[in-house]
Structure formats: C-alpha cells, structure tokens
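J.:
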Amino acid sequence: MSISIDLSGKVAIVTGAASGIGRASARLFAEAGATVMIADRADAVHETLEMIEAAGGKGFATQMDAGDEAAVAALIEDTCSRFGGIDIIYANAGITGGKPGGLFDSDASEWAEVLRINLIGPYLAIKYGAPKIKARGGGSIVCTASVAGLRSGAGPASYSASKAGVINLVKTAAYHLDGTNVRVNCICPGLIETGMTKPVYDYARDAGKLDKIGQLNPMKRGGEPEEIAKAALFLASDQASYVNGQALPVDGGLSASHPIAPRGNRGI
Ligand SMILES: NC(=O)c1ccc[n+]([C@@H]2O[C@H](COP(=O)([O-])OP(=O)(O)OC[C@H]3O[C@@H](n4cnc5c(N)ncnc54)[C@H](O)[C@@H]3O)[C@@H](O)[C@H]2O)c1
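Numbers in our numbering are just positions in the sequence shown, counted from 1, shifted up by 100.
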C-alpha cells in the first residue's frame, strides 16, 4: 500500500492564497503536483504565484472577492477554461471581523460582512464548484472553519458564528452531494501565525511574552500555516477518499478539553 500524496494532473483552486494558510496550502498543493488557481482580493496573490513558479510549480493568480457570487462563478469558469476542469477547491479566504467577544459591541453590518466572506464564500465555492468536480468523476472541497466555530471564546461573536456555519455547511453539502464522489470537509485551525493573528503575535513579541502563545493547548505552542496546509493537502487528496462531511481540528489539542486551569503533566 502506498501512502504518498500526489496531486499530479489535478487542478486546485485555493482562495485566500495571498497570505498565511492559503499561501502555504497553494505552495504545498503545487509542490505535490497540482496546477493551482490562486485567488485572493489582495495583490500579494501574485507573489504567491511567483513563489510557486520559482519552486517549479504551475498555476495562475487572480484577484477576486471570495464572498461575491458573480466573482466566484467567474473564478470557477475561468479555472475550467484555463485548465480544463477542477478537482479540488480549498475555500479558505476569511476575515476576523469585529472586536474580540463583542456580541453587544457589534452591529448587523459587521455580521453581514463576516458571514458574507467566511460562510457565504464557502457556500458559493461549493455551489459553483461541485458540479465541475462531479463532472471530473469526483474530488474534494475543503473549507477553513476554526476552533472558534466549535465553541465560543476564540474570536469575535460574528466570527465564531460564521465558522460554526461552515462546520454545518460541509456536513450538509456532503449529503447534498451524495452519490457524486465529491467529498466536502473543513479544517478547524487553532491559533496559527498568519496575517490574521499578526496583532496577537506582535503584541506578545513586544511584551516579551511570545512564550505565552499557545499555552492553553497540550502542545504548548502556536501553529504554523504549513501545519494546516498539510491537513488540507491530505483532505484534498485521494488519500482521504473515505473522509467526508467532517470538521478536523488542527489545534495542538486545544479543542479536546474544556477550559480548565492548567494542571501540568500527569506524572510523565
Ligand atoms: N490564523 C489563525 O489562527 C486561524 C485560526 C482559525 C481559522 N483561521 C482561518 O484561516 C483562514 C485563512 O486565514 P489566515 O489565518 O491565513 O489569515 P490571513 O489574513 O493571513 O489570510 C487570509 C487571506 O484571505 C484573504 N481574503 C479575505 N477576504 C477575502 C475576500 N473577500 N476575497 C478574497 N480573499 C479574501 C486576505 O486578503 C488574506 O490574504 C481564514 O478563513 C481564517 O478565518 C485562521
């Protein structure tokens, strides 16, 4: 039995690919042999393509809004006309939105924008992308949810609700795609150093408290974008051929326990 992950001949779309988890995933997918359609609203998406090409990979970079229906439909069509079809979509673009915890400080317009990008974006990727993947005989859609979607306390209220929505979306979509061989899963990252969490890391660095990051999880550290990219690569690949409708936490174990006072090790 072989367990190497090879995406040769596959076409993959990655959204939110100008930075952080999306950039790391686009690079890893390309390294595994996929042709990658790299999408983001930020112009740094072109730098991601340069990195991929410098490493011998191939793809195309495009600036678009992953929460806009016409833009997502156009992205799907453009990918098909450039590369002949789609096998994999990683719907990863997301924003934090409002103030941490701020249920009563937030307003409906903030909620609408967070839900538009974080939840409606993945919905649109599935709606327009799944028929194309089905036409290739099957494939994989991966979305980025968050530990914030599993329970409260890991981000603004609107953000948590949007990510909880993504977790339900992949379960629902997996069943709406029954018999198609199109799998839909999501990843729930814990705290990862990216553009989104830069303020947290900068604050800790400036305060000389970088070693406090990630102390609530049993790995006692924050995560790297590449550690999420590896999970995305697995779920995107045929090696995950029987994984469907699931939310996979990649969080150092953070979500495995209720918040309790750290008790140190258990005698090991
Ligand atoms: N960093 C973490 O700790 C963490 C934890 C859990 C989940 N996540 C999720 O991971 C995903 C990736 O975020 P990241 O941490 O890499 O942050 P990041 O800010 O480094 O990357 C997010 C990317 O998404 C892009 N983007 C935002 N809105 C967009 C839109 N409407 N259209 C197109 N692109 C858009 C941004 O331009 C950016 O390049 C997000 O969905 C985020 O919610 C991150």
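Beta carbons are placed, not taken as given, at the ideal position from N, Cα and C, and that holds for glycine.
Counting only the same chain and skipping the five closest in sequence on each side, list residues whose C-beta sits under 8 Å from that of Gly323.
T.: If we look at Gly323 and ignore the five residues flanking it on each side, its Cβ neighbours are Pro289, Gly290, Leu291, Ile292, Glu293, Gly314, Val350, Asp351 and Gly352.
J.: Specify, as a first and last residue, the run of the alpha helix (DSSP H) that Ala191 falls within.
T.: Unbroken run through Ala191 is the beta strand (DSSP E), Ile188 to Ala191; no alpha helix (DSSP H).
J.: Whether or not the region 233-250 and the region 167-178 are in contact is what I'm after, with contact meaning three or more pairs of Cβ atoms, one per stretch, closer than 8 Å; do they touch?
T.: No, the region 167-178 does not touch the region 233-250.
J.: Among Asn285, Arg251, Arg283 and Val284, which residue has its Cα nearest to the Cα of Ala356?
T.: Residue Arg251 is the option with its Cα nearest to Ala356.
J.: Can you give, in chain order, each stretch of the alpha helix (DSSP H) that sits fully within the region 185-247 and has at least 4 residues?
T.: Counting only runs of 4 or more, we get 208-215 and 221-235.
J.: Can you tell which of Ala225, Ile226 and Ile195 has its C-alpha closest to the C-alpha of Trp211?
T.: For Trp211, the nearest C-alpha among the options comes from Ile195.
J.: Cβ of Leu291 within 6 Å of any heavy atom in ligand 1?
T.: Yes, Cβ of Leu291 sits closer than 6 Å to a heavy atom of ligand 1.
J.: By the DSSP assignment, the alpha helix (DSSP H) with Ala170 in it spans what residues?
T.: Where Ala170 is concerned, the enclosing alpha helix (DSSP H) stretches over Glu169 to Phe183.
J.: In terms of DSSP beta bridges, what is Met101 paired with?
T.: DSSP, once it has assigned bridges, lists no residue as partnering Met101.
J.: I'd like to confirm something about Ser262: is its beta-carbon nearer than 6 Å to some heavy atom of ligand 1, or not?
T.: Not so, every heavy atom of ligand 1 lies at least 6 Å from the Cβ.
J.: With respect to the alpha helix (DSSP H) encompassing Leu333, which residues constitute its N-terminal and C-terminal limits?
T.: From DSSP, the alpha helix (DSSP H) with Leu333 extends over Pro325 to Ala336.
J.: Going by C-alpha to C-alpha distance, which of Asn268, Gly156 and Lys227 sits closest to Leu175?
T.: Comparing Cα positions, the closest option is Lys227.
J.: Helix, strand or coil for Met151? Go by DSSP, reduced to three states.
T.: In this structure, Met151 counts as helix in the three-state DSSP scheme.
J.: What do you reckon, are the CB atoms on Arg123 and Thr162 nearer than 7 Å?
T.: For Arg123 and Thr162, no; Cβs fall outside 7 Å.
J.: Kindly indicate which three-state DSSP category Lys158 falls into: helix, strand or coil?
T.: Residue state, collapsed to three classes: strand.
J.: Which word fits Arg305, buried or exposed, when buried means at least 16 other C-beta atoms lie within 10 angstroms of its C-beta?
T.: Result: exposed.
J.: Identify whether Thr115 lies in helix, strand or coil by the three-state DSSP scheme.
T.: Correct three-state label for Thr115: strand.
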